[in-house]
Amino acid sequence: MRSSFLAPLLLLAATLCAQHAAAQTPDAPQALKPLTADEAFGGVAFAEPRLSPDGRYLALLAAREGRMALSIFDLARSQYVSHLRFTDADIAAPRWVGGEHLVYTLAQRGQSRKTMFRQGGLFMTSVDGQQQRKLHATVNDWLASGLRRYTWMRPLQTLPGSEPEFIAACNDVDKDSVDLYRVNAATGKRQLLTRERPARTRDWVLDTHAQPRIAISDVAQSTERVVHYREADGRWRELWRYSATRDDIRRPLSVEADGKLLVATNEGRDTVALREYDPATARWGDTMIEHPQYDVAVDALGDEQGELLRDESSGELLGVRIDAARPLFAWMDARRQKLQALVDEALPGRVNALQFSNSPQVFVSSRTDTGRATWYLMDSRSGALNPVLNLRPDLDPRRVPATRGLTPRSRDGLALPSHVLRPPLAAAGTPLPTVVLVHGGPWARGAVWGDAGGDMAMARWLASRGYQVLLPSFRGSTGFGKRFLHSARGQMGLAMQDDLDDALDALIQRGDVDPQRLCIMGSSYGGYASLMAVARTPDRYRCAVAGFPVSDITRLLSSGWSDVSRDKDALEFWIDMVGDPVKQREALDAVSPRHQAARIKAKVMIYAGVDDPRTPLEQAELMRSALQSAGNPPLWLAKYGEGHGYSLTANHGEMLQLLEPFLAEQLAPPKPRR
Numbered sequence: 015m016r017s018s019f020l021a022p023l024l025l026l027a028a029t030l031c032a033q034h035a036a037a038q039t040p041d042a043p044q045a046l047k048p049l050t051a052d053e054a055f056g057g058v059a060f061a062e063p064r065l066s067p068d069g070r071y072l073a074l075l076a077a078r079e080g081r082m083a084l085s086i087f088d089l090a091r092s093q094y095v096s097h098l099r100f101t102d103a104d105i106a107a108p109r110w111v112g113g114e115h116l117v118y119t120l121a122q123r124g125q126s127r128k129t130m131f132r133q134g135g136l137f138m139t140s141v142d143g144q145q146q147r148k149l150h151a152t153v154n155d156w157l158a159s160g161l162r163r164y165t166w167m168r169p170l171q172t173l174p175g176s177e178p179e180f181i182a183a184c185n186d187v188d189k190d191s192v193d194l195y196r197v198n199a200a201t202g203k204r205q206l207l208t209r210e211r212p213a214r215t216r217d218w219v220l221d222t223h224a225q226p227r228i229a230i231s232d233v234a235q236s237t238e239r240v241v242h243y244r245e246a247d248g249r250w251r252e253l254w255r256y257s258a259t260r261d262d263i264r265r266p267l268s269v270e271a272d273g274k275l276l277v278a279t280n281e282g283r284d285t286v287a288l289r290e291y292d293p294a295t296a297r298w299g300d301t302m303i304e305h306p307q308y309d310v311a312v313d314a315l316g317d318e319q320g321e322l323l324r325d326e327s328s329g330e331l332l333g334v335r336i337d338a339a340r341p342l343f344a345w346m347d348a349r350r351q352k353l354q355a356l357v358d359e360a361l362p363g364r365v366n367a368l369q370f371s372n373s374p375q376v377f378v379s380s381r382t383d384t385g386r387a388t389w390y391l392m393d394s395r396s397g398a399l400n401p402v403l404n405l406r407p408d409l410d411p412r413r414v415p416a417t418r419g420l421t422p423r424s425r426d427g428l429a430l431p432s433h434v435l436r437p438p439l440a441a442a443g444t445p446l447p448t449v450v451l452v453h454g455g456p457w458a459r460g461a462v463w464g465d466a467g468g469d470m471a472m473a474r475w476l477a478s479r480g481y482q483v484l485l486p487s488f489r490g491s492t493g494f495g496k497r498f499l500h501s502a503r504g505q506m507g508l509a510m511q512d513d514l515d516d517a518l519d520a521l522i523q524r525g526d527v528d529p530q531r532l533c534i535m536g537s538s539y540g541g542y543a544s545l546m547a548v549a550r551t552p553d554r555y556r557c558a559v560a561g562f563p564v565s566d567i568t569r570l571l572s573s574g575w576s577d578v579s580r581d582k583d584a585l586e587f588w589i590d591m592v593g594d595p596v597k598q599r600e601a602l603d604a605v606s607p608r609h610q611a612a613r614i615k616a617k618v619m620i621y622a623g624v625d626d627p628r629t630p631l632e633q634a635e636l637m638r639s640a641l642q643s644a645g646n647p648p649l650w651l652a653k654y655g656e657g658h659g660y661s662l663t664a665n666h667g668e669m670l671q672l673l674e675p676f677l678a679e680q681l682a683p684p685k686p687r688r
């Protein structure tokens, strides 16, 4: 029976083509409406499509009455077979465990403070919706239980031939470790697979028989990682150990049928590549996937970068998505690489993600630089590509700012990969008021081409209002090789700020920036960098916007209010990369905006979460107090019940309502002289 709340999933190709043609037909030049908050930041009506292993069903999340519901569509019969919806939570991360069952978790999309803890957990549903089971507790369950420690469970790998069993990772045995279970989704029964394991194991790699073969552990109060290999007799032996902040990375990602490992490593090179390694002979083999500018699979800290592309049933690693200037898919499987090339040729200028099954059906999610996506089904035998759904048919693509690349050089020669968004219909070469949008972290990847949310969503919202937006990468950003990362050591507030200046200078040199109307903004580290920028160069920017900012590095690392200072491992990382709050206090104070407030001439907006565990409210309040003492009181917003980011849509909307007139006033054209 077809759903009453969703349009039929399979659309006629002619209908979709007609929509596309109509959207591309230019009208007479006229002003375009700015993107609304919902258009820029809101969720789409459909999300997270998942093709079943046999290619018969498509599971997807669909908006229904304010919540994301799980719907199962029978592709052979062209009809829905089940719908599952909660009134107080959104369904998220659906995953097939065999052809007849799925597991999923719960999430919140900012609807209400009353339901904010109704999330997490792990649940099972059958395709027809007749079988339901809770496999692991939610955050709400944990709060009600009175237990001191929250635990989670996440599906790791399916078990072909043993459906609906799967391998799950869970942290319920030891607070410092992650263990593996064999779980039966239908009955809820589970078997612990890792009774004998190295201490403080954080990550696992399974072999082709779904047995734990690699354990990756850490060392307390350090940045050291230890890679262990399990021999055929069950004994564990150490393969390598390395410092995540000092040494080359060697992180195993897969165990092949012949026993060789596929390892992400930057040993002897700048960017991380995927290489073969034989644990029996301790010899490196072929380089399977590499990129000269971007890390493959993991970054120089050993954290995942892009996406691992695995066989849907066996879990075998077959390729990776590389987050290059435009994301690309590199397959080690010849058949999949050929099909990827066919789709990329048919849908050029887009990022085309393929989902495979044991049938000829291939699901394609194709998105543009504007974050808009269209779904297709492909017959791998004939190559026929049929449109399924345009996720935002109501949004005129002309209203969504395009994303362009810019790669300036730092003053010491580093490439600084960046994105630039200009207002729709803005004439080339027209000098525009410009906002520099700095990503958080700082040891993180910034916006990626085609991102639907995050900083890219904010950039689109800003650009649709007439601002040119620069999203720069700076030393310390991850995904660009070890030199780019390690050159940030000890440079917070120094060379990391120089990179922002150099990227902006390169944009100004193009001639389409009004240098008298500049603003800088960001959240978390981006908030810190924005405050530091207007302190270092008081006459450059008219304004700064700092969300959840760091204003006093020494206090952040020593007060005990931040989880950075309470977590000994995190603190060790910060001391290694930034500095010691005891031994280097004077140097850290010199690059803390709170102590430079008297230099700031720009107008400042600060927004914060009262319950922020990462950059505590104290950090924002110290900055506000310093600015007030300097005679430059900031525009201020602090929301109760919010942490490191505004989780409630209403609070995020309130921030935007303050931000829009603030920018309009500060970046207004200069008044003519009388």
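Numbers in the numbering used here are just positions in the sequence shown, counted from 1, shifted up by 14. Ideal Cβ positions, reconstructed from N, Cα and C, are used throughout, including at glycine.
Top-ranked residue by Cα proximity to residue i, from the options
{"i": "D347", "options": "N366, L323, S236", "result": "L323"}
{"i": "D221", "options": "L267, R239, A520, A258", "result": "L267"}
{"i": "Q511", "options": "S92, L368, E586, A549", "result": "A549"}
{"i": "A477", "options": "L157, A229, T129, A678", "result": "A678"}
{"i": "P401", "options": "T119, F377, G112, R413", "result": "F377"}
{"i": "D52", "options": "A664, F676, P683, F587", "result": "A664"}
{"i": "L641", "options": "L662, V414, A611", "result": "A611"}
{"i": "T259", "options": "L499, G623, Q369, M472", "result": "L499"}
{"i": "S394", "options": "R503, Q375, D410, T215", "result": "Q375"}
{"i": "L446", "options": "H97, D292, V219, P683", "result": "P683"}
{"i": "R168", "options": "I263, G160, D155, A151", "result": "A151"}
Endpoints, the beta strand (DSSP E) within which residue i is located
{"i": "Q146", "result": "146 to 152"}
{"i": "Y308", "result": "Taken as a continuous stretch (DSSP letters only), Y308 belongs to no beta strand (DSSP E), as it is neither H nor E."}
{"i": "D104", "result": "104 to 110"}
{"i": "E179", "result": "179 to 184"}
{"i": "F377", "result": "375 to 381"}
Rounded separation between residue i and residue j - CA only
{"i": "D186", "j": "E252", "result": "25 Å"}
{"i": "R608", "j": "A558", "result": "14 Å"}
{"i": "D519", "j": "L65", "result": "47 Å"}
{"i": "S380", "j": "S373", "result": "21 Å"}
{"i": "D528", "j": "W463", "result": "25 Å"}
{"i": "L651", "j": "G56", "result": "22 Å"}
{"i": "D309", "j": "A458", "result": "13 Å"}
{"i": "L89", "j": "G329", "result": "24 Å"}
{"i": "G112", "j": "A278", "result": "29 Å"}
{"i": "R413", "j": "V483", "result": "15 Å"}
{"i": "R628", "j": "R580", "result": "10 Å"}
{"i": "Q680", "j": "I534", "result": "12 Å"}
{"i": "D603", "j": "P563", "result": "15 Å"}
{"i": "D41", "j": "A440", "result": "Confidence is the limiting factor: at D41 the pLDDT is only 34, short of 50, which leaves the residue's position unreliable, though a coordinate-based value still follows. Cα to Cα, D41 sits roughly 16 Å from A440."}
{"i": "Q33", "j": "Y390", "result": "Confidence at Q33 is low in this model, with a pLDDT of 36, below 50, so the placement of that residue is unreliable and no value is reported for it."}
{"i": "E318", "j": "R132", "result": "28 Å"}
{"i": "A37", "j": "L46", "result": "Only weak support is given to the placement of A37: the predicted model assigns it a pLDDT of 36, under 50, and the value that follows is read from those uncertain coordinates. Spanning the two alpha carbons is a distance of roughly 13 Å."}
{"i": "A311", "j": "H115", "result": "29 Å"}
{"i": "Q568", "j": "W588", "result": "In the sequence as presented, Gln is not what sits at residue 568; that position holds Thr. Roughly 11 Å between the two C-alpha positions."}
{"i": "A76", "j": "H453", "result": "30 Å"}
{"i": "A622", "j": "R209", "result": "44 Å"}
{"i": "L585", "j": "M506", "result": "15 Å"}
{"i": "V11", "j": "A339", "result": "No information on residue 11 is available, as it lies outside the stretch 15 to 688 that the chain covers here."}
{"i": "V365", "j": "T139", "result": "31 Å"}
{"i": "E62", "j": "R162", "result": "33 Å"}
{"i": "A351", "j": "R297", "result": "Correcting the residue type first, residue 351 is Gln in the shown sequence and not Ala. Distance between the alpha carbons of Q351 and R297 is about 28 Å."}
Start-to-end residues for the alpha helix (DSSP H) that takes in residue i
{"i": "M302", "result": "Run containing M302: none in the alpha helix (DSSP H); it sits in the beta strand (DSSP E), 297 to 303."}
{"i": "L253", "result": "First-last for L253: 250 to 257, but that is the beta strand (DSSP E), not the alpha helix (DSSP H)."}
{"i": "T285", "result": "Taken as a continuous stretch (DSSP letters only), T285 belongs to no alpha helix (DSSP H), as it is neither H nor E."}
{"i": "Q633", "result": "631 to 643"}
{"i": "Y542", "result": "539 to 550"}
{"i": "P675", "result": "663 to 680"}
{"i": "D52", "result": "51 to 55"}
Residue i - partner residues in DSSP beta bridges
{"i": "R204", "result": "V197"}
{"i": "S231", "result": "T215, V240"}
{"i": "W650", "result": "I620"}
{"i": "R412", "result": "None, per the DSSP bridge assignment."}
{"i": "D292", "result": "R297"}
Residue i: CB within 7 Å of a non-hydrogen atom of the ligand SAH
{"i": "S501", "result": "As for the ligand SAH, it is missing from this structure, which has no ligand bound."}
Could I get the ranges of all uninterrupted alpha helix (DSSP H) runs contained in the region 496 to 527, with 4 residues as the minimum, in chain order? DSSP runs (the alpha helix (DSSP H)) wholly in the region 496 to 527: 496 to 500, 509 to 523.
Which whole runs of the alpha helix (DSSP H) in the region 552 to 589 are 4 residues long or more, in chain order? Within the region 552 to 589, the complete alpha helix (DSSP H) segments at least 4 residues long are 567 to 572, 577 to 580, listed from N- to C-terminus.
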